[in-house]
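Asks:
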Amino acid sequence: MVSQTVSSWGNLARSSSVVYGLRSRYDAFPAIPVGATILPYGNGRSYGDSCLNPGGALLLTRSLDRFIAFDRDAGLITCEAGILLADILQLTVPAGWFLAVVPGTSAVTVGGAIANDVHGKNHHRAGTFGRHVRQFELLRSDGQRLTCSPETNTDFFGATIGGLGLTGLISCAQLQLRRIPGAGMDLEVIRFANLDEFFRLSEVSDQNFEYTVAWIDCLSRGRSLGRGLFQRANHSASPMGQAKVRMGHLAMPFMAPFSLVNTATLRLFNFLYYHRPGIRRRRREHFQSFFFPLDSVANWNRLYGARGFYQYQCVIPEQARPEATARLLEKIARSGQGSFLAVLKQFGSLSSAGMLSFPRCGVTLALDFPNTGARIERLFTQLDEILAAAGGRLYPAKDARMPAELFRHTYPRWREFARYVDPACSSGFWRRMSQGEVVLNGAAPPRERT
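Our numbering applies: residue 5 is where the sequence shown begins, and numbers increase by one.
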């Protein structure tokens, strides 16, 4: 037990926390002082304060890094919760299996992927990560070890998937993988001129391609509003080398003294990236460069400087998506603020397993913004108003400033979820959202035990 300064991926805030370690998944839940709180902490890839516990303790889980079983016939893998998705792919891809859902980085722990119910480029086909979790063990602060699955302890199963680590420690999990022919991806890249073209492309592509996503020029306006590059891909049946998962062979070696992402660099980059010659409409590439392009640059978050950056990721429901998406992009373009990393993706209709799961049928927009203080806060307030009017919501895993009122309104099951929060667990995000209102914290008894 030591004190350590910890920050999340956005580098917006740093908190000093007492940290506890684990030697084994069989260890007891740490005994913390009466009145203190603790939060499981994986690889720290959440962008805001959902993985931080300012003034409290953190339970570090990366030491839970062992594989338990791999059924190569059924595609079932059982592992401890501190294993990175990259480690799983290193083992399973040569055997012809792939994770059913992967987010934009492979440097996420299994526990973190469950706790944030991450999604990927194939949401329209596969839904969220939680839909492919067969079971997990949940260690509560009172010493209970609960086996949770769609059939057993279903209430804790639904609360823990997307539950931001607040229901206890996920010690290990069993995941259902999907068959793949090899490590390659058959990819098509299509330049589109505006938002209307994106929606047409997305509708057509989702029928024949498992993975779809678009980069957009967030500063384009007028007839070019929402222009960008659309990617669609399937796993390739053609052989492609070794399934080597590489991370961080390039690096941002220091924290920039100021953000290298500003209006001038952004406009230049977006123009050149959109118009760059030599875009090959069809090509084959390794799965890592398709799914995890930023994993090749270690500490890329340092580009935004010591003040850090925000990510604003929202989902707009299907019925409101064209108008609300256009209004959001127009507001961002007028502000002159934005990101190289502006992503637009259609979500499907498959339901999520978690009470607080983020995705819903509609379109998701994600942009990184340098922390410019009051200026960016004013923009966020305006974006929130558009989002609320459209019935959309923000992603807690990416959030560092969502108003509590917006969370409560857009996550209607939050009070139901609060019944399953472990009495010893808390986070900066949860305290901001609950504001001490919850009185049933941890009161729900498990229905079944192991």
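No residue lacks a Cβ here, since even glycine has one placed at the ideal position from N, Cα and C.
Assuming L43 contacts A404 under a Cβ cut-off of 8 Å, what Cβ separation, rounded to an integer in Å, is found between them?
Replies: Not really, about 16 Å apart at Cβ, beyond 8 Å.
Asks: How do the stretch 148 to 155 and the stretch 64 to 79 stand: do at least 3 beta-carbon pairs fall below 8 Å, yes or no?
Replies: no
Asks: Looking only at its chain, what residues have a beta carbon closer than 8 Å to the beta carbon of A337, apart from the 5 residues adjacent to it on each side?
Replies: Within the same chain, A337 has close Cβ partners C222, L223, S224, R225, L229.
Asks: Could you check where the beta strand (DSSP E) with I194 kicks off and where it finishes?
Replies: 188 to 196
Asks: Between G79 and the rest of its own chain, which residues show a CB-CB distance below 6 Å, the 5 nearest in sequence each way excluded?
Replies: W101, L181
Asks: Who are the Cβ neighbours of L264 in its own chain at under 8 Å, not counting the five residues just before and after it?
Replies: L307, Y308, G309
Asks: Can you tell me where the beta strand (DSSP E) with R223 in it begins and where it stops?
Replies: It is worth fixing the name first, because residue 223 is Leu in this sequence and not Arg. Note, L223: premise wrong, no beta strand (DSSP E); not H, not E.
Asks: Thinking C-beta only, is F273 closer than 8 Å to N375?
Replies: no
Asks: Can you give me the Cβ contacts of L191 inside the same chain, cut-off strictly under 8 Å, excluding the 5 residues immediately before and after it?
Replies: Q235, R236, A237, R286, R287, R288, E289, F294
Asks: Roughly how many whole angstroms lie between the Cα atoms of L391 and D210?
Replies: 25 Å
Asks: Which residue wins for smallest C-alpha separation from A241, given the options I184, V97, L88?
Replies: Measuring from the Cα of A241, the nearest candidate turns out to be I184.
Asks: When you compare each of G358, W304, V112, V425 to Y415 by their alpha carbons, which one comes out closest?
Replies: Cα-wise, what sits closest to Y415 is G358.
Asks: Beta carbon of M189, beta carbon of H127: below 8 Å?
Replies: no
Asks: How many angstroms separate the CA atom of A73 from the CA atom of P321?
Replies: 39 Å
Asks: Do three or more CB pairs link the stretch 159 to 173 to the stretch 195 to 204 at distances below 8 Å?
Replies: Contact check between the stretch 159 to 173 and the stretch 195 to 204: fewer than three CB pairs, one atom from each, fall below 8 Å, which does not count as touching.
Asks: Given this structure, state the Cα-to-Cα distance separating T454 from R149, to the nearest angstrom.
Replies: Confidence is the limiting factor: at T454 the pLDDT is only 47, short of 50, which leaves the residue's position unreliable and the question unanswerable from this model.
Asks: Pull the bridge partners of E289 from the DSSP assignment, please.
Replies: M189
Asks: In chain order, what residues of the same chain lie with their CB nearer than 7 Å to the CB of I283, ignoring the 5 residues before and after it?
Replies: Counting only Cβ-Cβ distances below 7 Å, and skipping sequence neighbours, we find V193, R195.
Asks: Closer than 8 Å by C-beta to G48: which residues in its own chain qualify, once you throw out the five before and the five after it? Chain order, please.
Replies: Counting only Cβ-Cβ distances below 8 Å, and skipping sequence neighbours, we find V10, S11, S12, W13, C55.
Asks: Is it true that the CB of A197 sits closer than 8 Å to the CB of R231?
Replies: yes
Asks: Count Cβ pairs between the stretch 325 to 344 and the stretch 420 to 428 that sit closer than 8 Å; are there 3 or more?
Replies: With a cut-off of 8 Å, the stretch 420 to 428 and the stretch 325 to 344 do not count as touching, because too few Cβ pairs lie within range.
Asks: What number of angstroms, rounded off, separates the C-alpha of F213 from the C-alpha of Q315?
Replies: 27 Å
Asks: Does the beta-carbon of I269 have 16 or more other beta-carbons within 10 angstroms, so that it is buried, or is it exposed?
Replies: Before going on, a small fix: residue 269 reads as Thr here, not Ile. Exposed, since its Cβ has fewer than 16 Cβ neighbours within 10 Å.
Asks: Between G124 and V106, how many whole angstroms is the CB-CB distance? I'm expecting something under 8 Å.
Replies: The pair is a contact, with the Cβ atoms about 5 Å apart (cut-off 8 Å).
Asks: Terminal residues of the continuous beta strand (DSSP E) containing V23?
Replies: 18 to 24
Asks: Check for me: the beta strand (DSSP E) holding G366 runs from which residue to which?
Replies: 366 to 374
Asks: Within the continuous alpha helix (DSSP H) that includes W418, where are the two ends?
Replies: Counting along the chain, the alpha helix (DSSP H) containing W418 begins and ends at 418 to 422.
Asks: According to the Cβ coordinates, are A177 and I92 closer than 8 Å?
Replies: Taking 8 Å as the Cβ cut-off, A177 and I92 do not qualify as a contacting pair.
Asks: Determine which residues share a DSSP beta bridge with T9 and list them.
Replies: Partner(s): S20.
Asks: Can you tell me which residues form a DSSP beta bridge with K349?
Replies: T368
Asks: Would you kindly work out how many angstroms separate the C-alpha atoms of F33 and A85, rounded to a whole number?
Replies: 15 Å
Asks: Once the 5 residues before and after A328 are set aside, which same chain residues still bring their CB inside 8 Å of it?
Replies: I320, I390, L391, A393, A394, G396
Asks: Say the cut is 7 Å; is the CB of L360 nearer than that to a heavy atom of the ligand HEM?
Replies: Absence of the ligand HEM from the depicted structure is noted, as is the absence of any ligand whatsoever, leaving it without description.
Asks: Taking all protein chains shown into account, decide if S28 is buried (16 or more other Cβ within 10 angstroms of its Cβ) or exposed.
Replies: Around the beta-carbon of S28, fewer than 16 other beta-carbon atoms lie within 10 Å, marking it exposed.
Asks: Measure how close the beta-carbons of N57 and S431 come, nearest whole angstrom, since I'm counting them as under 8 Å.
Replies: Taking 8 Å as the upper bound for CB-CB distance, N57 and S431 are in contact here, some 5 Å apart.
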